[in-house]
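Student:
Numbering (the working numbering), first residue to last: 1 to 379.
(1) Among the residues of its own chain, which have a CB less than 6 Å from the CB of residue 139, if the five just before and after it don't count?
(2) To the nearest angstrom, how far is it from the Cα of residue 18 to the Cα of residue 355?
(3) Would you check if the distance between the CB atom of residue 221 and the CB atom of residue 152 is smaller than 8 Å?
(4) Tell me whether residue 33 is buried or exposed, calling it buried when 16 or more other Cβ atoms sit within 10 Å of its Cβ.
(5) Based on the DSSP output, what are the partners of residue 376 in its beta bridges?
(6) Assuming contact is defined by CB atoms lying nearer than 8 Å, are residue 340 and residue 353 in contact in what I supplied?
(7) Taking the CB atoms as reference points, tell me whether residue 162 and residue 212 lie closer together than 8 Å.
(8) What would DSSP say about residue 358, mapped onto helix, strand or coil?
(9) Pull up the CB-CB distance for residue 121 and residue 102, whole angstroms please, since I reckon it's below 8 Å.
(10) Between 132, 57, 73 and 31, which has its C-alpha nearest residue 12's C-alpha?
(11) Looking only at C-alpha atoms, which of 241, 107 and 237 sits nearest to residue 248?
(12) So what does DSSP say about residue 313, is it helix, strand or coil?
(13) Express the C-alpha separation of residue 223 and residue 378 in angstroms, rounding to a whole number.
(14) Return the chain-ordered ranges of every beta strand (DSSP E) run that is complete within the region 116-170 and spans a minimum of 3 residues.
(15) Between the alpha carbons of residue 270 and residue 218, how many angstroms are there, rounded?
(16) What three-state label does DSSP hand residue 353 in the structure shown?
(17) Run the CB neighbour count on residue 338, radius 10 Å, all protein chains shown included, and call it buried at 16 or more, exposed below.
(18) Can you tell me the Cα-Cα spacing of residue 24 and residue 112, whole angstroms?
(19) In the DSSP assignment, the alpha helix (DSSP H) including residue 101 goes from what residue to what residue?
(20) In angstroms with no decimal places, state the Cα-to-Cα distance between residue 118 and residue 230.
(21) I'd like the list of long-range same chain contacts for residue 285, defined as Cβ closer than 8 Å, with 5 residues on each side in sequence excluded.
(22) Measure the Cβ-Cβ separation of residue 52 and residue 100 and say whether it is below 8 Å.
(23) Skipping 5 residues on each side, what residues in its chain have a beta carbon closer than 6 Å to that of residue 254?
(24) Figure out for me which residue from 233, 172 and 227 has the closest Cα to the Cα of residue 203.
(25) Output the distance between the C-alpha atoms of residue 75 and residue 65, rounded to the nearest integer angstrom.
(26) Measuring alpha carbon to alpha carbon, tell me which of 141, 38, 62 and 206 ends up nearest residue 169.
(27) So, is residue 115 buried or exposed, given that buried needs 16 or more other C-beta atoms within 10 angstroms?
(28) Classify residue 72 as buried or exposed, calling it buried when 16 or more other Cβ atoms lie within 10 Å of its own Cβ.
(29) Using a 10 Å radius around the Cβ and a threshold of 16 neighbouring Cβ atoms, would you call residue 360 buried or exposed?
(30) By DSSP, does residue 92 sit in helix, in strand, or in coil?
(31) What number of angstroms, rounded off, separates the C-alpha of residue 364 from the C-alpha of residue 345?
(32) Pull up the distance between the alpha-carbon of residue 155 and that of residue 233, whole angstroms please.
(33) Shortest alpha-carbon distance to residue 343 belongs to which of 357, 336 and 334?
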């Protein structure tokens with residue numbers, strides 16, 4: 001740690017060392033993407049990246065945070081300037097800065113006097129880094145889609161902001177629909193996964209269009225069924241069919257894949273929401289009518305569903321054995337296959353600490369769903 005009594009000189013030595021180590025680790029990452037090219041050479045890339053990473057790392061407030069919060073805040077603060085300065089560079093989404101962020105975070109955590117598992121730090125850093133890349137790409141997609149769809153620049157900005165503000169609440173609502181434990185234990189059947197994609201799409205668009213409706217109407221571009229249909233199609237594949245990116249969350253589409261361009265739910269949700277806006281144009285607040293009538297959140301039975309076939313929402317699964325007696329802290333409770341001596345694993349969901357499981361249950365989950373992330377919990 002950095003004793004206050006010895007003060008300034010030791011602190012300066014720590015930050016000088018941190019800067020040197022950052023330069024070395026970032027330089028290593030840059031060497032792997034230098035072939036991509038761009039207007040900056042390797043030295044300039046390193047200098048600009050280190051500038052933002054070091055500025056964030058130099059904030060002494062980080063040392064007063066618990067290590068999990070420290071990791072998240074460090075990546076968050078570094079990305080503010082880094083993405084603004086570099087997101088248009090051809091290498092931005094290719095460079096792997098996770099090792100550099102992890103090394104710097106470990107040094108800051110050690111200086112704060114906390115003891116942690118390096119693997120746990122890397123897990124959180126990796127999740128936060130990928131999340132920030134996804135959000136940056138999402139913002140770019142929103143910009144491209146709205147700029148091409150709405151002629152008035154100010155109204156396009158309103159729609160862009162509305163899509164962003166409505167996105168995360170809709171995703172949180174769908175992810176917290178009570179199926180997380182079943183997803184962890186057994187995985188979800190395709191019918192449930194499909195309903196979640198449809199529910200998110202409807203909630204997100206209804207909220208976003210409700211937020212931006214007045215701005216769009218004022219410039220003569222109020223949402224119509226056709227406009228909403230084009231909006232949905234472009235949000236599904238904002239950079240074209242050949243590019244794999246979609247504005248629909250990977251957390252919902254990972255099992256099903258991205259919806260096809262002829263997904264019949266596009267027609268259904270466009271028709272339903274278009275009717276809402278037509279009714280709003282006739283008078284009366286949309287919010288009041290929505291409370292009285294049906295709240296659009298159910299699944300459609302369109303082409304995406306037709307490709308899957310009609311399925312019952314039942315999970316014919318085999319219950320795990322309980323011969324181990326179970327661990328009292330394992331979320332699996334009576335279904336736990338571990339014992340009181342089992343190591344505990346904390347599920348990391350979107351970079352945030354989730355439920356606690358014994359290692360025996362956790363390994364059974366990861367066999368069915370290798371994408372699950374978790375860190376060892378210190379008891």
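A virtual CB, placed ideally from N, CA and C, is assigned to each residue, including glycine.
Tutor: By the coordinates alone:
(1) none
(2) 34 Å
(3) yes
(4) buried
(5) 345
(6) no
(7) yes
(8) strand
(9) 6 Å
(10) 57
(11) 237
(12) In this prediction, residue 313 scores a pLDDT of 37, lower than 50, which makes its location untrustworthy; no coordinate-derived value is stated.
(13) 53 Å
(14) none
(15) 21 Å
(16) strand
(17) buried
(18) 22 Å
(19) 98-111
(20) 46 Å
(21) Summary for residue 285: the model assigns pLDDT 41, below 50, so the residue's position carries little reliability; its value from the coordinates is reported in the next sentence. Taken in chain order, the list of residues that qualify is empty.
(22) no
(23) none
(24) 172
(25) 14 Å
(26) 206
(27) exposed
(28) buried
(29) buried
(30) coil
(31) 12 Å
(32) 20 Å
(33) 357
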